[in-house]
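When the letters of the sequence shown are read in order and numbered with the working numbering, they come out as residues 14 to 139. Worksheet: one structure, shown below.
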Amino acid sequence: MKISLITVCYNAEKTIADAMESVGRQRFETFEGFETFEKLEVEYIVVDGGSTDGTVEIIKKFEREGLGRGSRSTMEGFSFKWVSEKDRGMYDALNKGIKMASGEYIQILNSGDILANDHVIQSMYE
Numbered sequence: 014m015k016i017s018l019i020t021v022c023y024n025a026e027k028t029i030a031d032a033m034e035s036v037g038r039q040r041f042e043t044f045e046g047f048e049t050f051e052k053l054e055v056e057y058i059v060v061d062g063g064s065t066d067g068t069v070e071i072i073k074k075f076e077r078e079g080l081g082r083g084s085r086s087t088m089e090g091f092s093f094k095w096v097s098e099k100d101r102g103m104y105d106a107l108n109k110g111i112k113m114a115s116g117e118y119i120q121i122l123n124s125g126d127i128l129a130n131d132h133v134i135q136s137m138y139e
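Here you go:
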């Protein structure tokens, strides 16, 4: 199963790192009688609307360094892609992200939000 997680943003320098770090903190555990998560793929997509603050630099840093120490971003089955270009607003950006997505399921994480806990994506898999 593949899950696409999409974050859209514009001039989100103050919040985008927290959102991206919450993705990087996701953990995947195995349960008795349940196969490992080797078949789970996570695709993280960030769509930026052509920010003029430091948002793009933060995204580039995460692309270079990964989404967090020991994060899923360094494991097999995790992919990260992003784009920064002018759009016609939040819903246009969401549509771009959805077109970029290849997962069976799509989850939206706004740039000012964080995932509720470190097992949100895992709970989508169960």
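From the three backbone atoms N, C-alpha and C, an ideal C-beta is built for every residue, glycine too.
In the three-state scheme derived from DSSP, where H, G and I count as helix and E and B as strand, THR68 is classed as helix. Under DSSP, PHE75 takes part in no beta bridge, so it has no partner.
Spatial neighbours of GLY110 in its own chain (CB-CB distance under 7 Å, excluding positions within 5 residues in sequence) are listed in chain order as ILE19, VAL21, ILE58 and VAL60. Judged by DSSP in its simplified three-state form, GLN120 adopts strand. Close CB contacts of GLU76 within its chain, under the 8 Å cut and outside five residues either way in sequence, are with PHE93 and TRP95 (chain order).
Here GLU54 has LYS15 and GLY90 as same chain residues with Cβ atoms under 6 Å from its own Cβ, once five neighbours each way along the sequence are excluded.
The beta carbon of ASP31 is closer than 7 Å to those of ILE127 in its chain, skipping five residues each way along the sequence. Around the C-beta of TYR23, 16 or more other C-beta atoms lie within 10 Å, and the residue is accordingly described as buried.
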